[in-house]
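Asks: Sharing a structure, written as structure tokens. Questions coming.
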Amino acid sequence: MRVLITIGQQLPFDRLIEGVDQLAVDYPDVEWIAQIGAGAYQPQHMKALTNVDQAAFDTLLSTSDMLICHAGIGTIMGALTLGRPVLVMARDAERGEHRNQHQQATLERLKDLPGVHPLGQVEDLAAVFSQVIAQLSDTQTQAGQGGGQGFDIGGADPRLLAVVRTFIRGDDGSPVETSGTVETVETSGTVETVGTPGAAP
Amino acid sequence: MNKQQRVLAIASGGGHWHQLMQLREALPPHQTIYASPLPKAGTGLADEPYWRITDGNRDTKGKLLICLVQLLLLIAWHRPHMVISTGAAPGYLAMRLARLHGARCLFIDSVANAGELSLSARLARDSGYTVYSQWPEVATAEKVNFAGAVFSALHYKTESVERPDREVAE
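Sequences listed follow chains A and B, in order.
Note that the numbering used here numbers the first sequence so that position 2 is 2, with each residue one more than the last.
Add 201 to the 1-based position in the second sequence for the numbering used here, that's all there is to it.
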């Protein structure tokens with residue numbers, strides 16, 4: 001089993017990194033990989049990376065069973081779409097972990113989504129982690145292979161799909177510039193321009 | 202839309218691409234050209250026209266320049282009439298280039314931008330393109346549009362709002 005930890009590219013979050021490092025002592029069979037940013041605390045029981053670019057992070061996440069991270073929306077939604085449960089701790093501005101308390105607001109907002117496990121404080125880590133481990137092994141027993149399914153976080157909002165359809169139809173009031181230079185005959189062989197029933201309601 | 206009109210759907214890797222795919226059902230199947238930095242095998246696309254581009258951002262200007270050249274070729278070749286993007290920088294660049302021959306542009310800012318618009322979305326807004334935020338507070342503060350998120354659970358489950366019936370597929 002591999003567990004990935006990330007705290008984002010900007011500010012350190014040693015409280016979380018140190019907490020997970022302590023947890024790692026109890027799970028020596030787990031492979032722990034932590035992106036620690038500019039943190040001062042050097043993990044003793046995890047493989048530590050300073051920063052990871054997006055492509056490398058995507059690869060790491062898709063080969064991990066679980067993510068532990070700060071309350072960054074993109075990171076959380078990325079994990080959920082890949083079907084990875086995510087343990088989230090918000091940065092606390094009063095401890096100097098961020099400039100404001102927006103991560104608390106983010107976590108409050110996302111905490112009820114399937115796959116999101118909020119951590120109120122470092123002391124919650126052990127209990128929440130063992131609970132998620134148990135859920136993961138249940139899933140693996142039932143499905144043969146866990147992960148990759150994605151949590152049900154909904155399709156696109158119908159309103160947003162309607163915006164895209166209206167935009168494509170071209171009657172949304174946005175400027176339509178009918179420049180004389182736009183060719184209407186496709187000359188490239190790579191684009192199919194045959195009729196598309198249903199594409200233009 | 203005219204049957205010969207072409208749509209360029211472009212996004213960076215990771216979350217940006219996934220969010221674009223959430224909108225795929227609204228994109229015309231035989232008239233959409235896709236582009237991203239992902240290898241095609243990682244996109245979930247089948248035989249749709251696809252260009253793999255180099256990603257760049259404000260900190261990697263060299264890559265951004267390569268991206269610009271690729272987009273110039275792509276747009277000269279396909280002459281898209283519309284560009285739709287869920288971010289980030291390559292989507293905005295594609296809009297700037299496609300606009301030169303009159304393309305219409307729709308920029309949907311990533312759901313990750315819950316506090317303020319991304320730089321690309323702000324530039325798109327200031328260039329006069331249609332911009333949507335996936336967060337109502339951001340949309341109001343930044344004077345752009347809001348019509349929900351690409352993951353509907355984000356707003357419906359967390360705001361206890363009744364989810365409207367999905368549109369019946371045509």
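Cβ atoms here follow ideal geometry from the backbone N, Cα and C, with glycine treated the same way.
Buried or exposed: which applies to residue 215 of chain B, given that a residue is buried once 16 or more other Cβ atoms fall within 10 Å of its Cβ?
Replies: Buried.
Asks: Can you give me the Cβ contacts of residue 300 of chain B inside the same chain, cut-off strictly under 7 Å, excluding the 5 residues immediately before and after it?
Replies: 306
Asks: Identify which residue in A:106, A:101, A:102, A:66 has its Cα closest to the Cα of residue 87 of chain A.
Replies: A:66
Asks: Based on the DSSP secondary-structure assignment, which residues constitute the bridge partners of residue 31 of chain A?
Replies: A:2
Asks: So within the stretch 77-125 of chain A, which uninterrupted beta strand (DSSP E) runs reach at least 3 residues, ignoring any that extend past its ends?
Replies: 86-89, 116-118
Asks: Here's a check: name, in chain order, each residue in its chain whose Cβ is nearer than 8 Å to the Cβ of residue 213 of chain B, leaving out the five neighbours to either side.
Replies: 237, 238, 256, 288, 289, 290, 291, 292
Asks: Check whether the Cβ atoms of residue 12 of chain A and residue 38 of chain A lie closer than 8 Å to each other.
Replies: yes
Asks: Would you mind working out which of A:72, A:123, A:113 sits nearest residue 106 of chain A, comparing C-alpha positions?
Replies: For the residues A:72, A:123, A:113, the minimum Cα distance to residue 106 of chain A belongs to A:72.
Asks: Just mark residue 97 of chain A as buried or exposed, buried being the case when its beta carbon has 16 or more other beta carbons within 10 Å.
Replies: buried
Asks: Using Cβ-Cβ distances below 8 Å, what residues of the stretch 271-302 of chain B are close to chain E?
Replies: Annotation note: the requested chain E is absent from the structure, which comprises protein chains A and B.
Asks: Residue 283 of chain B lies in the beta strand (DSSP E); which residues open and close that run?
Replies: 283-286
Asks: Using only the heavy atoms of the ligand ZN, determine whether one of them is closer than 7 Å to the beta carbon of residue 249 of chain B.
Replies: As for the ligand ZN, it is missing from this structure, which has no ligand bound.
Asks: Distance cutoff 8 Å, beta carbons only. Does residue 126 of chain A sit that close to anything in chain B?
Replies: No, because no Cβ of chain B sits closer than 8 Å to the Cβ of residue 126 of chain A.
Asks: Mind checking which residues open and close the alpha helix (DSSP H) that includes residue 322 of chain B?
Replies: 320-327
Asks: What is the residue span of the alpha helix (DSSP H) that residue 340 of chain B lies within?
Replies: That run of the alpha helix (DSSP H) goes 337-343.
Asks: In angstroms, rounded to a whole number, what distance separates the CA positions of residue 227 of chain B and residue 340 of chain B?
Replies: Whole-angstrom Cα-Cα distance: 22 Å.
Asks: Give the secondary structure of residue 278 of chain B by DSSP, where H, G and I count as helix, E and B as strand, and everything else as coil.
Replies: helix
Asks: Counting only Cβ-Cβ distances shorter than 7 Å, please list the residues of the stretch 211-227 of chain B near chain A, keeping chain order.
Replies: From the stretch 211-227 of chain B, only 214, 215, 216, 219, 223, 224, 226, 227 have a Cβ closer than 7 Å to chain A.
Asks: Once you ignore the five residues that flank residue 9 of chain A on each side, which residues in its own chain have a CB closer than 7 Å to its CB?
Replies: In the same chain as residue 9 of chain A, and ignoring 5 residues on each side of it, the C-beta atoms closer than 7 Å to its own belong to 37, 51, in chain order.
Asks: At a CB-CB cut-off below 8 Å, which residues of chain B make contact with residue 167 of chain A?
Replies: 283, 285, 305, 307, 331
Asks: At which residues does the alpha helix (DSSP H) containing residue 231 of chain B begin and terminate?
Replies: Counting along the chain, no alpha helix (DSSP H) covers residue 231 of chain B, and no H or E run does either.
Asks: Whose C-alpha, out of A:60, A:20, A:95, is nearest the C-alpha of residue 127 of chain A?
Replies: A:20
Asks: Taking all protein chains shown into account, do 16 or more other C-beta atoms lie within 10 angstroms of the C-beta of residue 146 of chain A, making it buried, or fewer, making it exposed?
Replies: Summary for residue 146 of chain A: the model assigns pLDDT 43, below 50, so the residue's position carries little reliability, and this model does not support an answer.
Asks: Since residue 49 of chain A meets chain B, which of its residues come closer than 7 Å, beta carbon to beta carbon?
Replies: Per Cβ cutoff of 7 Å: no residues; residue 49 of chain A is ~17 Å from chain B at best.
Asks: Throw me the rounded Cβ distance for the residue 70 of chain A and residue 89 of chain A pair, which I believe falls under 8 Å.
Replies: 6 Å
Asks: Count the other CB atoms within 10 Å of the CB of residue 154 of chain A; is the residue buried (16 or more) or exposed (fewer)?
Replies: buried
Asks: Would you call residue 284 of chain B buried or exposed, if buried means 16 or more other Cβ atoms sit within 10 Å of its Cβ?
Replies: buried
Asks: Counting only Cβ pairs nearer than 7 Å, list the residues of chain B close to residue 161 of chain A.
Replies: 224, 226, 227, 368
Asks: Which class does residue 49 of chain A belong to by DSSP, given the choice of helix, strand or coil?
Replies: In the structure shown, residue 49 of chain A sits in a strand (DSSP, three-state: E or B).
Asks: Do you know offhand how far residue 130 of chain A's Cα is from residue 136 of chain A's?
Replies: 10 Å
Asks: Pick helix, strand or coil for residue 302 of chain B, following the three-state DSSP scheme.
Replies: If DSSP states are grouped into helix, strand and coil, residue 302 of chain B belongs with coil.
Asks: Can you round the beta-carbon distance between residue 277 of chain B and residue 286 of chain B to whole angstroms, since I take them to be within the 8 Å contact cut?
Replies: Their Cβ separation, rounded to whole angstroms, is 18 Å, which puts residue 277 of chain B and residue 286 of chain B out of contact at 8 Å.
Asks: How big is the Cα-Cα spacing for residue 213 of chain A and residue 123 of chain A?
Replies: With chain A running from 1 to 201 in the structure shown, residue 213 of chain A is simply not present.
Asks: Please check if any C-beta of chain A sits within less than 8 Å of the C-beta of residue 328 of chain B.
Replies: no
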